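In this text, residue positions in the sequence shown follow our numbering: the first is 8, and each later residue adds one. For every residue, glycine included, the Cβ atom is placed at its ideal position computed from N, Cα and C. The model shown is predicted, which means the values in this text are computed figures rather than measured ones.
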Amino acid sequence: MSPRSQQREGQRQLMNGTTKSKDPGGNFPGNPVNIATDTVAGFGDEWTRFDQTSIGDAEIRALFEAYFWIFPWQNLPSNPTGFDLGCGSGRWAKQVAPRVGHLHCIDASAEALAVAKRNLDNQKNCEFHHASVDAIPLPDNSMDFGFSLGVLHHVPDTLGGIRSCVTKLKPGAPFLLYLYYAFDNRPFWFRCLWRASDALRKVVSRLPHGLRYLVSQVFALTVYYPLARSALILEKCGIAIRNFPLYYYRNLSFYVMRTDALDRFGTRLEQRFTRKQMREMMVEAGLEDIVFSDKAPYWCAVGIKSR
Ligand SMILES: C[S@@+](CC[C@H](N)C(=O)[O-])C[C@H]1O[C@@H](n2cnc3c(N)ncnc32)[C@H](O)[C@@H]1O
């Protein structure tokens, strides 16, 4: 399915109410609709299994920088207040909290939020909200910054989700966004490979959680690990690996591969966007001065709320 038709399918489900909240993890304030409940329940399971505590400091900082190197820290006011929409385990919030005044950690999964609370126990400037993106319990135009990494391609209406986030920002505040790319910077054969893997995802993500976990771990061991380490060897031999599948993981730990294999194959609603589509959505949501990262993971971009 093309990214456009995926987005239409998500929106169709939203209109039909087939993705409407059935409350997978507790009460949802605000009666949200821009939420895929099974997907959220899957993330609760994922972050409970992989709470990210066994990742080393150097690795987590490198992963964090891969997203945040384009973030305009220098332009924030002193002691800024902001939000992490879809905080999951709180792994990015843990890096951001020491640099800011106050951080609102928001997630639709009660289980994920429980993990984030544990991981951010020492961080007294974090506040936690069990809420969906379309019912963020913060006043409009109140936030000095916001970010949402790997979340809004898992909601039925991605543009609506970006709009909901931007509404909470003060004019002039930055918003960092990471959405799955549609392989628009890759060759045709790469997209074919993805289509095959996506067919697998559609099957695996419908299995019971325990089975999803098991299958994903087999993929991590038999596909992710060998391909990633082969990419590393090829790179060391001076061979170009830019289009080598899973080269992104070449220097990453097996734990990260295991987490991402479950994330990738255990998630029912996944949408993908070209860089052009992502820019258009960001502009339509009221962001300007958009800057894209030119490095993996794709696509990651920051925009400033129009004044
Ligand atoms: C792939 S995880 C990313 C977590 C975190 N941002 C990270 O990168 O580690 C996606 C997160 O978004 C949350 N989520 C999914 N739909 C949501 C919605 N409608 N509103 C708020 N959070 C949502 C999930 O519960 C999950 O924790």
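So residue i packs on residue j, CB below 8 Å; how close in whole Å?
i, j, result
"residue 6", "residue 172", "No answer is possible for residue 6: it lies beyond the span of the chain, which begins at 8 and ends at 314."
"residue 62", "residue 210", "Actually they are not in contact, since the Cβ atoms of residue 62 and residue 210 sit about 29 Å apart, beyond 8 Å."
"residue 155", "residue 41", "Contact flag wrong, Cβ pair sits at about 13 Å."
"residue 186", "residue 80", "Contact doesn't hold; Cβ gap of about 22 Å is too wide."
"residue 275", "residue 128", "The Cβ separation is near 31 Å, so there is no contact."
"residue 250", "residue 194", "6 Å"
State buried or exposed for residue i, treating a residue as buried only when at least 16 other CB atoms are found within 10 Å of its CB.
i, result
"residue 229", "exposed"
"residue 196", "exposed"
"residue 240", "exposed"
"residue 207", "exposed"
"residue 215", "exposed"
"residue 246", "exposed"
"residue 126", "buried"
"residue 202", "exposed"
"residue 271", "buried"
"residue 260", "exposed"
With distances taken between CB atoms, is the gap from residue i to residue j smaller than 7 Å?
i, j, result
"residue 176", "residue 150", "yes"
"residue 217", "residue 49", "no"
"residue 93", "residue 123", "no"
"residue 78", "residue 183", "yes"
"residue 100", "residue 132", "no"
"residue 87", "residue 107", "yes"
"residue 285", "residue 169", "no"
"residue 115", "residue 47", "yes"
"residue 298", "residue 309", "yes"
"residue 37", "residue 142", "yes"
Who are the Cβ neighbours of residue i in its own chain at under 7 Å, not counting the five residues just before and after it?
i, result
"residue 145", "90, 111 and 175"
"residue 55", "118 and 122"
"residue 200", "252"
Within a Cβ cutoff of 6 Å, which residues of the same chain sit near residue i, ignoring the five residues on either side of it in sequence?
i, result
"residue 178", "312 and 314"
"residue 268", "223, 226, 227 and 231"
"residue 234", "252 and 253"
"residue 296", "311"
Mapping DSSP to helix, strand and coil, what is residue i?
i, result
"residue 277", "coil"
"residue 88", "strand"
"residue 64", "helix"
"residue 297", "strand"
"residue 216", "helix"
"residue 123", "helix"
"residue 19", "Legend: pLDDT at residue 19 = 44, less than 50; position of this residue unreliable, no value from coordinates given."
"residue 270", "helix"
"residue 205", "helix"
"residue 176", "strand"
"residue 309", "strand"
"residue 83", "coil"
"residue 237", "helix"
"residue 244", "coil"
Short of 8 Å in beta carbon distance, which residues of its chain neighbour residue i, apart from the five on each side in sequence? Order them along the chain.
i, result
"residue 68", "102"
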